[in-house]
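This report concerns only the one structure given below.
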Amino acid sequence: MKVKDKMTRNVVTVRPDNSLKEALDLMKQRFINRLPVLDNGVLVGMIVKNDIEKALHRPGCYPETPVSWIMTQNIITVHPDDDLISAATIFKNRKISALPVLDGDKLVGIITDTDIIKTFIEIMRTKSFN
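Our numbering puts the first residue of the sequence shown at 206, with every later residue one more than the last.
Have a look at this one:
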């Protein structure tokens, strides 16, 4: 099974100059926990809901602070044709929960640890255990 079979294709993103409040509001509206950060269509980072919430409790960090100030840079990515085992291994080894899916330089999806777990459950339900 490939990443492209289980990834989310319509990825919600933000720009580096979006505020933390804008990103957090978008996450709450869309019921998501992480957003790829694109600058002119190029992936430059990831922002996670928990990181925003922590940052907003630090002195000197305000809701208007740009996403670029706290986003994770140098993002690990996968290709749509990579297998799910490779993605799951990256999640485990790197202790991360989401991977942007790039085809060349273009963001075409995102796959999360939840997608992998759902797939595992589907597979296990179809197996017969004697």
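Note that beta-carbon positions come from the ideal geometry of N, C-alpha and C, so glycine has one too.
C-alpha of residue 324 to C-alpha of residue 271: approximately 35 Å in a straight line. In this structure, DSSP gives residue 261 a state outside helix and strand, which the three-state scheme calls coil. The beta carbons of residue 211 and residue 286 sit no closer together than 8 Å. A distance of 8 Å or more separates the beta carbons of residue 281 and residue 248. Within the model, the alpha-carbon separation for residue 239 versus residue 288 is close to 22 Å. From the listed residues 261, 327, 273, the smallest Cα separation to residue 251 is found for 273. Beta-bridge partners assigned by DSSP to residue 308: 311. For residue 277, the beta-bridge partners assigned by DSSP are 251. Between the C-alpha atoms of residue 218 and residue 320 there is a straight-line separation of about 18 Å.
Contact between residue 314 and residue 216 holds: their C-beta atoms lie close to 6 Å from each other, under 8 Å. In this structure, residue 260 sits away from residue 231, with a CB-CB distance that is not shorter than 8 Å. Of 284, 332, 292, 328, the smallest CA-CA separation from residue 310 is found for 284. If you draw a straight line from the Cα of residue 255 to the Cα of residue 328, it comes to about 30 Å.
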